[in-house]
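For the sequence shown, this note's numbering begins at 2 and goes up steadily by one. For every residue, glycine included, the Cβ atom is placed at its ideal position computed from N, Cα and C. Everything below concerns the one structure shown next.
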Amino acid sequence: MQTQLILGIKLVNLKVGYCIMKNYMFFCLVVCLFFPQISFARNYYGAIYVDETTGIAGSAWDFDNDVDSKKAALNSCKIKSGKKYCELISGWGNSCSAVAWSPKNKSARTGKLNDNQKEAEKLALEACRRAERDPRCKLVASVCTNWETEEVIWW
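Spelled out as C-alpha cells, the structure:
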C-alpha cells in the first residue's frame, strides 16, 4: 500500500491524492478569477488635546496608530496655545469625536459617535452644558477619521 502526505492529509492512494490536489487547484483558480483582490479595512486613529485654561485645541486624525495620533495632536495643541501643557480629552479610532469647552469652569467634555460628526458635536455640547452647568459651552474641535477607506491587496 502506498501512502503520501499532501496538504497535511495522509493519503492511502496516489489516485485519491491527485484528485484532492486537482480539486484544490481548481478551487484556487476559481477564487483568483472571481475574487482578484482581498480588502482589509484599515484602522484610523485620532486625538484631541485641549489647553483647558484657554480652550485652544489641537487635533490629529487618520493615523495608523493611536500613539502617533496622540503625539501629533499634543504638538498641535502646544503650538497653537503656546503652552507646554495640554490635556488629552479624546482619543478614538474609526469614528467621529468632538470637544466642547466651558469658559466658566475652564474644562472640556467630549462626544463620540461612530459615523456622524454633527451628532458627535451635539453630544459634546450637551455633555459640557450638563456636567459644567455652563450654557456658554462652545465647540473647540470636531474631527472624523476616515474609516471607510480600505487597503487593497491585489493578487
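For residue i, the first and last residue of its enclosing alpha helix (DSSP H)
i      : result
Arg131 : 118 to 133
Cys138 : From DSSP, Cys138 is part of no alpha helix (DSSP H); its letter is neither H nor E.
Lys71  : 67 to 82
Nearest-angstrom Cα separation, counted from residue j out to residue i
i      : j      : result
Cys145 : Asn95  : 8 angstroms
Ser108 : Asn117 : 24 angstroms
Asn76  : Arg134 : 30 angstroms
Asn115 : Cys97  : 6 angstroms
Lys79  : Thr54  : 13 angstroms
Glu47  : Ser70  : With the sequence shown as reference, residue 47 is identified as Gly, and Glu is not the correct amino acid for it. Straight-line Cα distance between these residues: approximately 5 angstroms.
Gly56  : Gly83  : 12 angstroms
Glu152 : Asn66  : With a pLDDT of 38 at Glu152, under the threshold of 50, the predicted position of this residue should be treated as unreliable, though the coordinate-derived value follows. Between Glu152 and Asn66, the C-alpha separation is close to 15 angstroms.
Residue interval of the beta strand (DSSP E) (run including residue i)
i      : result
Glu88  : 88 to 94
Tyr45  : Unbroken run through Tyr45: none, as it is neither H nor E.
Thr111 : 108 to 114
Nearest to residue i (by Cα), restricted to the options the options
i      : options                       : result
Ala58  : Thr111, Asp67, Val68          : Thr111
Val141 : Ser91, Ala132, Lys85          : Ser91
Ala121 : Trp93, Lys105, Gly56          : Trp93
Lys85  : Ala101, Leu124, Val51, Ser103 : Val51
Phe64  : Lys105, Ala128, Asn44, Lys139 : Asn44
Cβ-heavy atom distance, residue i to the ligand GTP, below 6 angstroms
i      : result
Lys107 : Within the structure as shown, the ligand GTP is missing, as the structure has no ligands at all.
Assumed close pair residue i, residue j - CB separation to whole angstroms, cut-off 8 angstroms
i     : j      : result
Ala99 : Ser143 : 4 angstroms
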